[in-house]
Amino acid sequence: MSFESFRQLVQDWATAGYLPEALAYGFVVNALLAGLMIGPVLGGLGTLVVVKRFAFFSEAVGHAALTGVAIGILLGEPYTGPYGSLFGYCLLFGILLNFLRNRTGLSPDTLIGVFLSVSLALGASLLLMLAGKINVHILENVLFGSVLTVSAHDLLVLAIVAVLVLALALPLYNRIMLASFNPQLAAVRGVAVKTLDYLFVVLVTLVTVASVKVIGAILVGALLVIPAAAARLVSQSLKGFFFVSVIIATLSTLLGILLPIVFDLPVPSGAAIILVAGICFALAALARALVPRLQGNPA
Amino acid sequence: MTAAANLTSACGPRIEFDGIDLTLGRTRILENVRFSVAPGSVHAIVGPNGGGKSSLIKTLLGQMPHQGQLTLHWPGEREVIGYVPQALEFDRGLPMTVDDFMAAMCQRRPAFLGLSRRVRPAIDAALARVGMLDKRKRRMGALSGGERQRVLLAQGLIPEPQLLVLDEPMSALDEAGIQVFEQLLHGWRQAGTTVLWIEHDLEAVLRLADRVTGLSRQVLFDAPPAQALTPERLLGLFSVHPRSESLA
């Protein structure tokens, strides 16, 4: 079954009343499929982001996407999906940052602060230069995400990135984590610590860029952090940590896409997704405060 | 049992440090370090903080570009090094149990999927040897320093090493933990494992090591502990700041 015929089938079932009414719209089906890919990948990878204390980095890469979009439009790429510049610029941003972190000895937060501000200044300058040539709503979509513009092409890019990230991150999950606990011990156990560091930066960058369309440049990094942070509050083992993070990220993405449509709210999808994730975090914090078992240890 | 008595049954390597020089920036960390570690022996390294002990370990583990010759003479095909670091850098609130940690160390299968059937018996045995089997479901961050040190010792047992490098393994251990460590040392001796052991507790070195090297940028002594750990030598080792000389 081709993707088009699958989508048509879902739309037909929604029109016939077997599925929620919102699924009668093709763009909603596209967005939900995107959400089903984004949620588990961001939620799972997010656990490593939290373990490695890379939260600020993932935020910075998301913001770099703004500059990537500006460069893409300037170079004549389609403004609905300037993937060449997006991936190119953000990968350059992440790899250069990691390279300088290794070479200069500056702490990651200091370097990210420098890179983030310079990149935002570049992006703002380029976007203002382009402001006369493009529809200002495009900027809004780039910044905060939009479910209206997710195309079959975007889904294909997302699917390729999701498969690639899962295929690399799952077999290397233990090694990526081990490298952050003690690089020397990791090296003795055969882990190529520096190579894995670069690989992790590339994976975070790829998944961030592929998710920009739905969540938006400003907020995409947050979905790598909030679900994992919430899961960390209520879990007692890595199993709980990983799967609760995946569930929260997937639920947040799907609800964030659907709720504004169902309730006809003028809220961008990215903002709605992060608000749902934020509510999950608040509930997790509350649960931890109220349930003593979540604070301590089983004997 | 002495190192010499182990020579026939040793499965661990002989290590030769031959004129090792290490300079970081403008500071000379190691200078013409020359000594050897007998196969199957328990060899302690003592010295002041900043004396180059950890740098020597890093050099041995291939983590430091150095000058001079460092040779490991392995007795056979198998070349397994175990390493027990002094501490781990991790978020104490991370929901990672002892089992999760051991899985992350010892198996490819993602640790969040639980212990793999293949490594589970080895992990069970290692945790039993360090007396942590009943605490395997506890979070790593909630363990005491001594308990965490025991778990670090347990990971060093998998896969069974022929050379074991220990970085101050006794620093956080309580009395029961010290007994566990001594039993492990006994086991390594019997198995012919070469043990290179950085230690601050000179009484323990005197009691447990076959040979001791005093390191403060240079090798100040290298002899059996009973001969080496005399008050004069220790005064010489700990009274001069090793980093007082930097390159002109």
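Heads up: the protein sequence lines correspond to chains A and B, in order. 1 is the number of the first residue of the first sequence in my numbering; add one for each residue after it. 1001 is the number of the first residue of the second sequence in my numbering; add one for each residue after it. Even for Gly, the Cβ is constructed at its ideal location relative to N, Cα and C.
Chain-ordered neighbours of residue i on chain B, where CB pairs are closer than 9 Å
i: Phe-87/A; result: Per Cβ cutoff of 9 Å: no residues; Phe-87/A is ~26 Å from chain B at best.
i: Arg-232/A; result: Asp-1091, Gly-1093, Leu-1094 and Pro-1095
Counterpart residues of residue i in DSSP-defined beta bridges
i: Tyr-1083/B; result: Val-1165/B
i: Phe-1221/B; result: Gly-1214/B
i: Trp-1197/B; result: Ala-1044/B and Leu-1166/B
i: His-1073/B; result: Arg-1014/B
i: Ser-107/A; result: DSSP, once it has assigned bridges, lists no residue as partnering Ser-107/A.
i: Gln-1190/B; result: Beta-bridge pairing links Gln-1190/B to no other residue.
i: Arg-1034/B; result: Asp-1018/B
i: Leu-1024/B; result: Thr-1027/B
i: Thr-67/A; result: Answer by DSSP bridge pairing: none, since Thr-67/A is not bridged.
i: Gln-1067/B; result: Asp-1021/B
i: Thr-1097/B; result: Arg-1139/B
Residues that residue i contacts on chain B, provided the C-beta gap is smaller than 7 Å
i: Asn-102/A; result: Neighbours of Asn-102/A on chain B: none; closest Cβ ~14 Å, over 7 Å.
i: Gly-240/A; result: Pro-1095
i: Ala-187/A; result: Leu-1061 and Gln-1063
Residue i at chain A interface by Cβ criterion, 7 Å
i: Ile-1081/B; result: yes
i: Phe-1017/B; result: no
i: Ile-1020/B; result: no
i: Pro-1161/B; result: no
i: Asp-1100/B; result: yes
i: Leu-1202/B; result: no
i: Pro-1013/B; result: no
i: Ala-1154/B; result: no
i: Phe-1112/B; result: yes
i: Pro-1085/B; result: yes
i: Ala-1226/B; result: no
i: Ala-1104/B; result: yes
Beta carbon proximity, residue i to chain B, threshold 7 Å
i: Ser-328/A; result: Lying outside 1 to 299, the shown extent of chain A, residue 328/A is not represented and no answer is given.
i: Asn-98/A; result: no
i: Leu-128/A; result: no
i: Tyr-322/A; result: For chain A, the structure presents residues 1 to 299; residue 322/A sits outside this window and is missing.
i: Leu-170/A; result: yes
i: Met-37/A; result: no
Beta-carbon contacts of residue i that lie in its chain and below 8 Å, excluding the five residues immediately before and after
i: Gly-17/A; result: none
i: Lys-1135/B; result: Val-1098, Leu-1143 and Glu-1147
i: Val-1180/B; result: Arg-1129, Val-1130, Gly-1131, Arg-1150, Leu-1153 and Leu-1173
i: Leu-23/A; result: Val-10, Gln-11, Trp-13, Ala-14, Val-29 and Leu-32
Sequence-distant residues of its chain with Cβ nearer than 6 Å to residue i (five each side left out)
i: Ser-127/A; result: According to the sequence shown, residue 127/A is Leu rather than Ser. Only Ala-70 meet the Cβ criterion.
i: Ile-274/A; result: Leu-219 and Ala-222
i: Thr-1008/B; result: Caution is warranted here: a pLDDT of 44 is assigned to Thr-1008/B, below 50, making its placement in the model unreliable, and no coordinate value can be reported.
i: Ala-1228/B; result: Val-1212 and Phe-1221
i: Ala-179/A; result: Ala-186, Val-191, Val-193 and Leu-196
i: Ser-245/A; result: Gly-43, Gly-46, Thr-47, Pro-227, Ala-228 and Ala-231
Chain-ordered neighbours of residue i on chain A, where CB pairs are closer than 9 Å
i: Lys-1058/B; result: Gln-184
i: Arg-1078/B; result: Chain A residues near Arg-1078/B: none, gap ~14 Å exceeds 9 Å.
Cβ shell of residue i (< 7 Å), same chain only, five flanking positions each side left out
i: Val-1037/B; result: Arg-1014, Ile-1015, His-1043, Thr-1194 and Leu-1196
i: Ala-1248/B; result: Residue placement at Ala-1248/B is poorly supported in this model, since its pLDDT is 43, which falls under 50; the coordinates still yield a value, given next. Nothing meets the Cβ criterion.
i: Thr-1002/B; result: For Thr-1002/B, the predicted model reports a pLDDT of 47, less than 50, meaning its position is unreliable; a value from the coordinates is still stated below. Once the five neighbours on either side are set aside, the close Cβ partners of Thr-1002/B are Asp-1210.
i: Ala-1111/B; result: Asp-1100, Ala-1103 and Ala-1104
i: Ser-9/A; result: It is Leu, not Ser, that sits at residue 9/A in the sequence shown. Closer than 7 Å at the Cβ level, and outside the excluded window around Leu-9/A, lies no residue.
i: Arg-1138/B; result: Thr-1097 and Val-1098
i: Arg-1092/B; result: Gly-1141
i: Phe-93/A; result: Val-61, Ala-64, Phe-115 and Ser-119
i: Ile-1178/B; result: Met-1170
i: Gly-26/A; result: Arg-7 and Gln-11
7 Å Cβ cut-off: residues of chain A touching residue i
i: Met-1132/B; result: Result: empty, since nearest Cβ-Cβ is about 14 Å, beyond 7 Å.
Cross-chain neighbours of residue i in chain A, by beta carbon under 8 Å
i: Glu-1089/B; result: Ser-180, Phe-181 and Asn-182
i: Arg-1108/B; result: Pro-171 and Asn-174
i: Arg-1207/B; result: What Arg-1207/B touches in chain A: nothing, since even the nearest Cβ is about 27 Å away.
Chain-ordered chain B contacts of residue i [CB-CB under 8 Å]
i: Val-51/A; result: Phe-1090, Asp-1091 and Leu-1094
So, does the segment 139 to 146 of chain A touch the segment 215 to 232 of chain A, judging by three or more C-beta pairs under 8 Å? yes
contact_flag[the segment 57 to 65 of chain A, the segment 266 to 284 of chain A] where n(CB pairs < 8 Å) is 3 or more: no
Are there three or more Cβ pairs, one per stretch, closer than 8 Å when the segment 41 to 55 of chain A is compared with the segment 272 to 288 of chain A? no
If contact is defined by three or more beta carbon pairs under 8 Å, each pair taking one atom from either stretch, is the segment 194 to 201 of chain A in contact with the segment 240 to 259 of chain A? no
Pairs of beta-carbons, one from the segment 32 to 46 of chain A and one from the segment 148 to 155 of chain A, closer than 8 Å: are there three or more? yes
Do the segment 38 to 45 of chain A and the segment 99 to 108 of chain A meet, that is, are 3 or more Cβ pairs less than 8 Å apart? no
Determine contact between the segment 1159 to 1171 of chain B and the segment 1080 to 1088 of chain B, defined as no fewer than three beta-carbon pairs at a distance below 8 Å. yes
Determine, using beta-carbon pairs with one atom in the segment 1019 to 1027 of chain B and one in the segment 1057 to 1067 of chain B, whether at least three such pairs fall under 8 Å. yes
So does the segment 199 to 210 of chain A actually touch the segment 78 to 94 of chain A, counting three or more Cβ pairs closer than 8 Å? yes
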